[in-house]
Structure formats: structure tokens, C-alpha cells
Amino acid sequence: MATASEGHVSEEKFCKLLPKVELHAHLNGSISKETMTKLLARKAHLPQDQQPDTQALQQWTDIVENGKAVSLDACFQMFKLIHQIVDDTEAVAMVTKDVVREFAEDGVCYLELRSTPRDVPQTGMTKRSYIETVLKAIQQCQDEGIDIIVRFILAIDRRNSLEAAEETIQLAEDYRAKSGGVVVGVDLSGDPKVGDARQLIPLLQKARTAGLRLALHIAEIPDQEAESLALLNIPTDRIGHGTFLHPEVGGSQGLVAATENHSIPLELCQTSNFVGKTVASFDEHHFKYWFDKGHPCVICTDDKGVFHTTLSKEYHLAMMTFDLSRKQLWQLSERSIDFIFADDDVKQTLRKHWTNERSKLQL
Ligand code: 6MZ
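With my numbering applied, the sequence shown corresponds to residues 218 to 580, in that order.
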């Protein structure tokens, strides 16, 4: 795990040295520029009409690097493009190892990666080989001494069928046992404009009863009151985004009450929401609403590659936007340990590490 050095350091450096927990990171959204270059090189031999749209990738990168907002629809176009490039187990292995290493280099001590298992018949990749490749890559990172604890969440894409969701949950149950607890839960994500997640509720309840934890995207866009309420009341174990839960942005007191009654932590991704244009400016981010209430908030990246961010940058952004002290950032990162899906032994290990690091940061 990253070790803090002593002395007076800049706020940026402090955020990097701060031991951190990342709970909302989509594998294929987290691909760095360096890894993307390697992935594109693997496709260079293809005939022109089968080449990935590098121009679209470049345009996106230019816009996001300049700090501009785009749209949520454009984000989903990017994922489509990335999936065309990450289409075999060799690519999945490379991506997983690079992403884990990069989070570790950013001072992340515990990472929950989530990803949607995919079949690609042309390359022979199956959902099972996809999952096994990710698990093997995580193990290899550990064998190589990369100092980070990693857990894996299988994602359901809301675009896909009920049968596909059922299969993912079955796979999660299966690999939870086979992986010795590395697979910890199920995510529900994908384009929030597509489908109605209420049809998935019996399946999600069954998954939870089987011991899987739920990290569900809820209220990422406005006007989803009934769906959001139903997902909150399963209850979900964590909320992805929750941008439109509170009344000030068109949510409702009922949604806030459900979130508070079940004490459900929110995974908050500032840059993602700004670039996706679901929040108009950083200071209007719903972090403030929930943080001011003292409600559990976890700062996360969402898609560090697509949104050109890091977890350190997200902490720094919160610090600057909401005028948080170093001590408050510390408390945010330390409290995040309470909301991880790994077992109590891992929580104890992390808490000890935080205690050891604290004095080095002069807090
Ligand atoms: C909803 C998102 C997302 O699964 O192939 N994903 N779903 N909202 C978001 N906010 C921007 N960002 C990423 O990673 C890419 C997939 O994660 C989900 C989408 O389903 C996307 O296709 P994996 O590793």
C-alpha cells in the first residue's frame, strides 16, 4: 500500500499521499491513454474498414482533457468504441493489470473493480473466460507485489435482457465461491435512459439473499422516482451516483428518506457527472447536499480513463470546491472503509494501515 511521506506538501500531493478506497470503477472506462495506445497497436494490422475509430477517440480525449462537458449519450458512444477494442482475453488481461497498477500508483489501497462480462464469438471470448481472465490478472498483480487489495463486482447492463441479468447473477454466485471471495457483488449500470430496472428486482433480491452485495446505479438522470424508490428499498447496499434523489433537483423527500432510513452510502463521481452534463457545475454537485447531512459519501472516479481523472484528483476537486480541510478528506477516506464489500478481516487490515499513515501526514 502507498506510504505517506512526511513534511509539508501541496494539497495535490496530500491527496495523492492520502490512503484511498475506490468503490466505483468500471474496468473498461478506466483504461488510461497509455493502455489505449497499446490496445490500438494490437489492431493496427486490420484492414482499414475494420480499424477502430481512432479519430472519435482522439476527439473525445481532446475535449475531456480541456475540461469540457460533453453529454451522457456521448459517454455511452465511447464505451461502445472501447468494447470494440477490448474484444479478447489478452486485451482484458492487459487492461485489468494496467488499471490495478495505476490505481495502486495513485495511492488507492483497496479497489473494487466492476465490469460487464461479455461474449465475443469472433475471438472466442465467453462470459466465463472474461471473468476468469479478470480474476487471474488480479491474482497476478498480487503475485507481482502490487500493494493493493482488489475485489471484483459483476455488472449487469440495463440494456440487456432479463435472461442476461439472470445469467450474470448466476455467474456472480458461482465465482464468489470459486474465487475465494474476490467476487463480492453485483452492479447495475449501463445507459440509464434504457429499460426499467424494476423488472430486475426479484433477481437482485435473490442475489442479495445469496450473499452478494448490491452496488446499483440509481437516479443518475432525472424523473426515475418509482424505479429509484424500488431499488433503494431492496435495499441496495450502495448507490451509484444518486444525482437526482433530493427534492432540490427534482427528486423527492421520499427518496431521501429511503436513502437515510437504510443508511445507504453514495458513490460520488464529480468529474463524470460534470462531463456527462448531469450536474451543471462542480459546486452544484450533490456531494454537498449529502455531505452536509453527514450521510455516508464515498468519493470515486467512475471511469478514470474516459473522464481523464484519478481518485487523487477527485479528492482534490472536492477539497477545492467545497472548502474541505485535510482532516475532513482524511475522515472521508477512512470512513469509506466501512462501506467496502470485502469481509471484516480486510476492514481491520485497512484500518490499521490508515492508523499507521495518519501521523506521517501530520494530521
Ligand atoms: C452507467 C456506466 C457509466 O463494464 O465494460 N458504465 N453505466 N453510468 C455511467 N456513467 C458515466 N460508466 C460506465 O465498463 C464499461 C461499462 O460500464 C458502464 C456501462 O455499461 C459501460 O458500457 P465495463 O468494464
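The beta carbon of each residue, even a glycine, is placed where N, CA and C say it ideally should be.
In this structure, what does DSSP give as the bridge partners for residue i?
i: residue 458; result: 435
i: residue 337; result: 342
i: residue 402; result: 370, 430
i: residue 237; result: 325
i: residue 484; result: 457, 515
i: residue 332; result: 371
i: residue 243; result: 331
Buried or exposed, going by whether 16 or more other CB atoms sit within 10 Å of the CB of residue i?
i: residue 245; result: buried
i: residue 488; result: buried
i: residue 467; result: exposed
i: residue 441; result: buried
i: residue 411; result: exposed
i: residue 223; result: Summary for residue 223: the model assigns pLDDT 45, below 50, so the residue's position carries little reliability; its value from the coordinates is reported in the next sentence. Residue 223 should be labelled exposed.
i: residue 284; result: exposed
i: residue 546; result: buried
i: residue 219; result: Per-residue confidence for residue 219 stands at a pLDDT of 49, beneath the threshold of 50, marking its modelled position as unreliable; no derived number is given.
i: residue 225; result: exposed
i: residue 221; result: Low per-residue confidence applies at residue 221: pLDDT is 49, beneath 50, and the placement is therefore not dependable enough to give any value.
i: residue 336; result: exposed
i: residue 393; result: buried
i: residue 263; result: exposed
i: residue 497; result: exposed
i: residue 459; result: buried
i: residue 379; result: exposed
i: residue 426; result: exposed
i: residue 261; result: exposed
i: residue 270; result: exposed
i: residue 568; result: exposed
i: residue 530; result: buried
i: residue 572; result: exposed
i: residue 323; result: buried
i: residue 313; result: buried
i: residue 340; result: exposed
i: residue 475; result: buried
Could you check whether the Cβ of residue i sits closer than 7 Å to any heavy atom belonging to ligand 3?
i: residue 517; result: Questions concerning ligand 3 fall outside what the structure shown contains, since the ligands it does hold are ligand 1.
Measure the Cβ-Cβ separation of residue i and residue j and say whether it is below 8 Å.
i: residue 538; j: residue 509; result: no
i: residue 457; j: residue 300; result: no
i: residue 373; j: residue 401; result: no
i: residue 249; j: residue 305; result: no
i: residue 430; j: residue 454; result: yes
i: residue 518; j: residue 437; result: no
i: residue 532; j: residue 237; result: yes
i: residue 292; j: residue 522; result: no
i: residue 578; j: residue 234; result: yes
i: residue 549; j: residue 516; result: yes
i: residue 259; j: residue 310; result: no
i: residue 178; j: residue 389; result: Lying outside 218 to 580, the shown extent of the chain, residue 178 is not represented and no answer is given.
i: residue 481; j: residue 439; result: no
i: residue 580; j: residue 543; result: yes
i: residue 446; j: residue 428; result: no
i: residue 536; j: residue 239; result: no
i: residue 432; j: residue 331; result: yes
i: residue 624; j: residue 334; result: Residue 624 lies beyond the residue range present for the chain, which begins at 218 and ends at 580; the question has no answer from this structure.
i: residue 514; j: residue 534; result: no
i: residue 405; j: residue 375; result: yes
i: residue 413; j: residue 444; result: yes
i: residue 253; j: residue 277; result: no
i: residue 477; j: residue 512; result: yes
i: residue 352; j: residue 302; result: no
i: residue 247; j: residue 520; result: yes
i: residue 563; j: residue 363; result: no
i: residue 403; j: residue 368; result: no
Does the structure place the region 280 to 292 close enough to the region 308 to 327 that three or more beta carbon pairs sit under 8 Å? no
Say whether the region 548 to 560 touches the region 301 to 320, bearing in mind that this needs 3 or more beta-carbon pairs closer than 8 Å, one atom from each stretch. no
Within the chosen definition, does the region 371 to 391 reach the region 332 to 346 through at least 3 CB pairs nearer than 8 Å? yes
Contact the region 526 to 544 vs the region 476 to 496: 3+ CB pairs below 8 Å: yes
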